[in-house]
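Peer 1: Please see the structure below; I have some questions.
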Amino acid sequence: MEQRSLFEEDRQLATLAEFNTLERIKEWVDWDRFNPILEEVFGSPHLRGPGRPVWDHMMMFRAIVLGIMYSLRDR
Numbered sequence: 050m051e052q053r054s055l056f057e058e059d060r061q062l063a064t065l066a067e068f069n070t071l072e073r074i075k076e077w078v079d080w081d082r083f084n085p086i087l088e089e090v091f092g093s094p095h096l097r098g099p100g101r102p103v104w105d106h107m108m109m110f111r112a113i114v115l116g117i118m119y120s121l122r123d124r
């Protein structure tokens, strides 16, 4: 088994952070602009009926966008 240096993992994480697409998307996209559209389509997330609480619309929207970007989908 190959031994790793003490700071090897830190260097790897720093290198990966430079190419972190999620951080870049956060800088480029104004996610708040989508809130009125999502509320118009799905209604207010604060309206609760019987059953489990609804998932946050913005979180689900971001998950869908990431799924499309990285070709993640169920068969």
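Counting in the working numbering, the sequence shown runs from 50 upward without gaps. By construction, the Cβ of each residue, glycine as well, lies at the ideal position given by its N, Cα and C atoms. Here the structure is a predicted model, which is why all the values come from computation and not from measurement.
Roughly how many angstroms separate the alpha carbons of Asp105 and Val90, rounded to a whole number?
Peer 2: Rounded to whole angstroms, Asp105 to Val90 spans 13 Å at the Cα level.
Peer 1: Out of Ala112, Leu55, Met107 and Val114, point me to the one whose CA is closest to Asn84's CA.
Peer 2: The residue with the shortest Cα to Cα distance from Asn84 is Met107.
Peer 1: Have a look at Arg60 and Asn69 and give me their C-alpha separation to the nearest angstrom.
Peer 2: C-alpha separation (whole angstroms): 14 Å.
Peer 1: To the nearest angstrom, report how far apart Thr64 and Arg73 are at their CA atoms.
Peer 2: If you take the alpha carbons of Thr64 and Arg73, they lie about 15 Å apart.
Peer 1: Mind checking which residues open and close the alpha helix (DSSP H) that includes Gly121?
Peer 2: According to the sequence as given, residue 121 is Leu; it is not Gly. Here Leu121 belongs to no alpha helix (DSSP H), and DSSP marks it neither H nor E.
Peer 1: Go through its chain and collect everything with a Cβ distance to Gly116's Cβ below 7 Å, but skip five positions before and after it.
Peer 2: Within the same chain, Gly116 has close Cβ partners Arg122.
Peer 1: Report the three-state DSSP secondary structure of Asn84 (helix, strand or coil).
Peer 2: Residue state, collapsed to three classes: helix.
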